[in-house]
Amino acid sequence: MSGRPLDVLEAALEDVVTVTLKDGTAYYGTLAGYDQHMNAVLEPPMDVEDVAVGELEVTAVEDTTIIRGDNVVTIQT
Numbered sequence: 001m002s003g004r005p006l007d008v009l010e011a012a013l014e015d016v017v018t019v020t021l022k023d024g025t026a027y028y029g030t031l032a033g034y035d036q037h038m039n040a041v042l043e044p045p046m047d048v049e050d051v052a053v054g055e056l057e058v059t060a061v062e063d064t065t066i067i068r069g070d071n072v073v074t075i076q077t
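Shown next, in the form of structure tokens:
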């Protein structure tokens, strides 16, 4: 997937994404929304279980969660 970052986020709406933060934590959930600052709104995914991606443990969000764009390193589908 290529293009401008906000176009990529638009295409990922309603998909399950993994958001990695500056402090090394990562969360996954369904991307419900975003804004021009890359603040992201995640909803709990259908299958809620923690997974590991490499050495990084990824935690599923349990409720509607807003992640401030300043803290985001990557958003992956």
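Just so you know, we're using full-length UniProt numbering here: the sequence shown kicks off at 1 and counts up by one.
Think of the CB as a built atom: it goes at the ideal place given N, C-alpha and C, for glycine as much as any other residue.
Values in this document were obtained by computation on a predicted structure and should not be read as measured data.
Under the three-state DSSP convention, the category residue i falls into
i, result
"Gly33", "strand"
"Glu10", "helix"
C-beta atoms of residue i and residue j nearer than 8 Å
i, j, result
"Gly33", "Thr65", "no"
"Glu57", "Leu31", "no"
"Thr74", "Ala12", "no"
"Gln36", "Leu6", "yes"
"Val72", "Met38", "yes"
Beta carbon proximity, residue i to chain B, threshold 8 Å
i, result
"Glu43", "Within the model displayed, chain B is absent; a lone protein chain is all it includes."
Candidates the options: closest to residue i by CA position
i, options, result
"Arg68", "Ala40, Asp7, Val17 and Thr59", "Ala40"
"Pro45", "Gln36, Glu62, Asp35 and His37", "Glu62"
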